[in-house]
Amino acid sequence: MKQRTVWPAILVAALVLGGCGSASGTRSSPGGSAAKLVVWDWKSGEATAAQYIEKAKADFARKHPGVTVEFVAQPHDQYYTLLGTAIQSGKGPDVILFNGGGQIRDRADALLPLDEYVAEDRQRLAGWDAFTKDGKTYAGPVTLQGHPIYYNRALYEKAGLDPAKPAATWPEFVANCAAITKQTGTKCFALGNKEGIGIQFFLSAFGSGVLTPQEYDAWIAGKRDWTSPHVKRIFALWKETQDAKLNSDGPNSTAMFNDAFAIFQSAKASHVIGLMSDIGHWKDFGEFLPADKIGVMRAPVVVPGATPSLPFDGGIGYGVAKWTRDPKLAADLVRSLTSTDALTAFHEQAGAIAADTTIDVSKGGPAVTTIVTDLASGKPALHVALSSRTLDLMGRVSQKLLSGSITVDEAVRQLAASDQAG
Amino acid sequence: MTSVRPVVAGRTDRARHQRPAPPGATARRGRGARRSERLAPYVLLAPAVLIIVLLRLWPLLLGVNFSFTGDGDRDGTMVGLDNYRELLADPLFRGALRNVGLLVLLLPVAVAIPGLLATFIYLRVPGHRFYRSVYFFPAVLSPVIVGAIFNLLLAFDGPLNTVLGGVGIGPTDWLGDPDVAMFVVVGVHVWATFGMALVVFLAGFATLDATLLDAARVDGASLPQTIRHVIVPSLSRTIQFVFVTTMIGMLTSMFGLLYVMTSGGPEGSTYLPEYYIWIQQGQMNRPALASAASTVLFGVMLVVGLLQISLLRRGVREA
Numbered sequence: 000m001k002q003r004t005v006w007p008a009i010l011v012a013a014l015v016l017g018g019c020g021s022a023s024g025t026r027s028s029p030g031g032s033a034a035k036l037v038v039w040d041w042k043s044g045e046a047t048a049a050q051y052i053e054k055a056k057a058d059f060a061r062k063h064p065g066v067t068v069e070f071v072a073q074p075h076d077q078y079y080t081l082l083g084t085a086i087q088s089g090k091g092p093d094v095i096l097f098n099g100g101g102q103i104r105d106r107a108d109a110l111l112p113l114d115e116y117v118a119e120d121r122q123r124l125a126g127w128d129a130f131t132k133d134g135k136t137y138a139g140p141v142t143l144q145g146h147p148i149y150y151n152r153a154l155y156e157k158a159g160l161d162p163a164k165p166a167a168t169w170p171e172f173v174a175n176c177a178a179i180t181k182q183t184g185t186k187c188f189a190l191g192n193k194e195g196i197g198i199q200f201f202l203s204a205f206g207s208g209v210l211t212p213q214e215y216d217a218w219i220a221g222k223r224d225w226t227s228p229h230v231k232r233i234f235a236l237w238k239e240t241q242d243a244k245l246n247s248d249g250p251n252s253t254a255m256f257n258d259a260f261a262i263f264q265s266a267k268a269s270h271v272i273g274l275m276s277d278i279g280h281w282k283d284f285g286e287f288l289p290a291d292k293i294g295v296m297r298a299p300v301v302v303p304g305a306t307p308s309l310p311f312d313g314g315i316g317y318g319v320a321k322w323t324r325d326p327k328l329a330a331d332l333v334r335s336l337t338s339t340d341a342l343t344a345f346h347e348q349a350g351a352i353a354a355d356t357t358i359d360v361s362k363g364g365p366a367v368t369t370i371v372t373d374l375a376s377g378k379p380a381l382h383v384a385l386s387s388r389t390l391d392l393m394g395r396v397s398q399k400l401l402s403g404s405i406t407v408d409e410a411v412r413q414l415a416a417s418d419q420a421g
Numbered sequence: 000m001t002s003v004r005p006v007v008a009g010r011t012d013r014a015r016h017q018r019p020a021p022p023g024a025t026a027r028r029g030r031g032a033r034r035s036e037r038l039a040p041y042v043l044l045a046p047a048v049l050i051i052v053l054l055r056l057w058p059l060l061l062g063v064n065f066s067f068t069g070d071g072d073r074d075g076t077m078v079g080l081d082n083y084r085e086l087l088a089d090p091l092f093r094g095a096l097r098n099v100g101l102l103v104l105l106l107p108v109a110v111a112i113p114g115l116l117a118t119f120i121y122l123r124v125p126g127h128r129f130y131r132s133v134y135f136f137p138a139v140l141s142p143v144i145v146g147a148i149f150n151l152l153l154a155f156d157g158p159l160n161t162v163l164g165g166v167g168i169g170p171t172d173w174l175g176d177p178d179v180a181m182f183v184v185v186g187v188h189v190w191a192t193f194g195m196a197l198v199v200f201l202a203g204f205a206t207l208d209a210t211l212l213d214a215a216r217v218d219g220a221s222l223p224q225t226i227r228h229v230i231v232p233s234l235s236r237t238i239q240f241v242f243v244t245t246m247i248g249m250l251t252s253m254f255g256l257l258y259v260m261t262s263g264g265p266e267g268s269t270y271l272p273e274y275y276i277w278i279q280q281g282q283m284n285r286p287a288l289a290s291a292a293s294t295v296l297f298g299v300m301l302v303v304g305l306l307q308i309s310l311l312r313r314g315v316r317e318a
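Residue numbers (numbering that gives the first Met the number 0), protein chains in the order written: chain X, 0 to 421; chain G, 0 to 318.
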């Protein structure tokens, strides 16, 4: 009789305990011993990064023979979720790849300040700001990310324009576009705003041609004056491009990645605001547009007094986890990963604009040369300074501006309210 | 409780074969036996109850409790109904709820389409065998693939607009016009899923009394009359079942299509609560607000589900 109750009770206990046990599980720590460093990233698995990783490994092996380095390529879409788990357990990789800006600043608590180790690289590399929080540097920049305005030089030639002299002012730019459209039947901009990304790129690419340098710097510093007529002008300009039929058809249903870029590549539009690294950049377009047919221009001056500049920030960079056993060793690996040799390989294979400003980029064609030249006077991108919430709202508001269901005043009022709410 | 009975029967059965024990011992053992007998059902039920309580109800309660806490700086502190107030004030969430209402309104259309097509197949229109397999085909495709296919077809410079342009109708931005996009996505969802409902209808038709149809035909009933007076009344339970399953499908499995086809846009016009929850949790880093939205969605689903159950019960009583 007793057995009848005892066995189910044991079964229940086993199930309950088993259930508890499996949740916490046996977790092996990926963190290595002093003689082994573990690196987490989402790049090392890609074919275009193979040479870069190899060069960096070779450089590190030269300085520290006997130390093994293991690269663990994580899926990019779950990268920060996986990393969050590792950070919470206080165990994990020694060296970690980060996106610049919010992604690394939010996790700075888990990272080691690298200032004392990377002092020598300060001048050689650009893009440190994106990996800096409260005056401390948490990663060595690998690539730079920004939003150049690319144009199709072949279309300029067909329209009888000089591709070496893109427009410097907005009226000139609109006139050029009209000439190109007349001669070739192509639109002025390849625009994809389905996810609301089009407006982000537009704001950053054209903002420096509208805002005064003081307004620009104040915007980046967090003192955004949404009542300024210049801020309003940027959004009015966005609406104008649509009303003047400068944009490719159906921007609100076209995805930036990669439908809008496909429109530019297939020469159905003469300009596109793209990226500098990863995708949507000169090398990416090169599949259909040869590198010597792609140009990069600065934002045309819309409001006199503005100084157009290239908007860019640090793209990705390697940081060192707080829990690593030998910080100096891990920091040396970061330095190897940002060495000129390794970054040259990354630039040549993936087409990324590397953080190293001393790399010879002359083989990349006119677009990449212009970008690298413009880095010196470049400034952080305007949209990167906004919160994800305001960016989300800006996406929707920008779609309404294109479809004409909202006024510029109302759009700016809503954005100001969202931005000031924090 | 019925599962306990055989145990009792088994016990008395075996007790019959046991030798009689001394009176005192019997009383003691009897008390112990009675106690364990009383406990047995609880112990046997425990695994199921524990699984439901620990893995279903407890997380649900945690989620509801979490929806009363804050995000970001107020992480972990109780904020009362702040999240719910924010939801109600958010035009995006109100739009998402309105879209749920729209789905309920479009439900009859989503049920009528497979119903009509099944009727034609049952009435053996020419090529009905071919149509039967063709209609079911989209049901085996993942929403992501369906979405990608229709993204191409419905693009502004896509084939559909080209065809329409050929007959002199100006292009429509199917997925970029806020007044059109939601209907397009629902249309694609119906296209992708009606095959399953069609099969259910065909199964219903298999139970239909053929003599009734013959009688109607002899009486000279037209097709609409046959459908209205013979087929619909005979299939009322099948129709109700399809109503319930289609509603569940619309409310729970549109995410993939939305994600691929519109990303909630244009202008936020194709948001559904699910998509809103995902955006708040994943993109905006607002887990507490997301759980408040989940709680509201749970409430909506509960009401819809209960309404459907009562509808089904009434249907069964009438049948």
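C-beta atoms are modelled at their ideal positions from N, C-alpha and C, and glycine is treated no differently.
Values in this document were obtained by computation on a predicted structure and should not be read as measured data.
Would you mind stating whether residue i and residue j have Cβ atoms separated by less than 9 Å?
i               : j               : result
H427 of chain X : Y79 of chain X  : Residue 427 of chain X lies beyond the range of chain X shown here (0 to 421); nothing can be said about it.
S207 of chain X : A305 of chain X : yes
F130 of chain X : G313 of chain X : yes
S227 of chain X : L202 of chain X : no
L111 of chain X : E69 of chain X  : no
R99 of chain G  : P272 of chain G : This sequence places Val at residue 99 of chain G; Arg is not what is there. For V99 of chain G and P272 of chain G, yes; Cβs fall inside 9 Å.
L113 of chain X : V319 of chain X : yes
F92 of chain G  : Y258 of chain G : no
D355 of chain X : A118 of chain X : no
L288 of chain G : L86 of chain G  : yes
P188 of chain X : L274 of chain X : The sequence shown places Phe at residue 188 of chain X, not Pro. Not a contact, by the Cβ cut-off of 9 Å.
Cβ closer than 7 Å: which chain G residues qualify as neighbours of residue i?
i               : result
M248 of chain X : Looking at the sequence provided, one finds Asp at residue 248 of chain X rather than Met. Those are F155 and D156, listed as they occur along chain G.
R388 of chain X : M283
Q398 of chain X : G264, P265 and E266
E115 of chain X : The contacting residues do not exist; E115 of chain X stays about 32 Å from chain G at best.
K193 of chain X : S262 and G264
So with CB distances below 8 Å, who are the chain X contacts of residue i?
i               : result
P286 of chain G : Correct list: empty, because the minimum Cβ distance to chain X is about 12 Å.
P272 of chain G : Within chain X, no residue comes near P272 of chain G; the closest Cβ sits about 16 Å away, beyond 8 Å.
Taking its Cβ as the centre, do 16 or more other Cβ atoms sit within 10 Å of residue i, making it buried, or is it exposed?
i               : result
Y41 of chain G  : exposed
H127 of chain G : exposed
T251 of chain G : exposed
D373 of chain X : buried
Between the C-alpha atoms of residue i and residue j, what's the straight-line distance to the nearest angstrom?
i               : j               : result
A154 of chain G : V184 of chain G : 13 Å
I148 of chain X : L236 of chain X : 16 Å
S252 of chain X : G191 of chain X : 7 Å
M0 of chain X   : R34 of chain G  : For M0 of chain X, the predicted structure reports a pLDDT of 45, less than 50, and the residue's modelled location is therefore unreliable. A value from the coordinates is still provided. Taking the straight line from one Cα to the other gives about 10 Å.
A441 of chain X : V52 of chain G  : Since the first and last residues shown for chain X are 0 and 421, residue 441 of chain X lies out of range.
P212 of chain X : G165 of chain G : 51 Å
P299 of chain X : D359 of chain X : 28 Å
L143 of chain X : T406 of chain X : 35 Å
G83 of chain X  : R106 of chain X : 9 Å
F193 of chain G : V243 of chain G : 13 Å
D248 of chain X : A254 of chain X : 12 Å
F260 of chain X : T225 of chain G : 55 Å
P158 of chain G : L152 of chain G : 5 Å
Given that residue i touches chain G, what residues does it touch there, using C-beta distances under 9 Å?
i               : result
N98 of chain X  : The premise fails here: N98 of chain X is roughly 14 Å from chain G at the closest Cβ pair, so nothing lies under 9 Å.
N151 of chain X : The premise fails here: N151 of chain X is roughly 18 Å from chain G at the closest Cβ pair, so nothing lies under 9 Å.
Under 7 Å between beta-carbons, which chain X residues line up against residue i? List them in chain order, please.
i               : result
L174 of chain G : S252
G267 of chain G : R395
Would you mind giving the Cβ-Cβ distance between residue i and residue j, rounded to the nearest angstrom? I have them listed as a contact below 8 Å.
i               : j               : result
P310 of chain X : G99 of chain X  : So it is not a contact: roughly 13 Å between Cβ atoms.
P170 of chain G : E266 of chain G : About 19 Å separates the two Cβ atoms, so there is no contact after all.
A138 of chain X : I103 of chain X : 6 Å
P92 of chain X  : V71 of chain X  : 7 Å
L332 of chain X : V94 of chain X  : 5 Å
K186 of chain X : K267 of chain X : 7 Å
T294 of chain G : V63 of chain G  : 5 Å
Please compile the residues from chain X whose C-beta is within a distance smaller than 9 Å of the C-beta of residue i.
i               : result
P177 of chain G : N251, Q398, K399, S402 and S404
Which residues in chain G sit within 8 Å of residue i, going by Cβ to Cβ distance?
i               : result
D391 of chain X : I278, Q282 and M283
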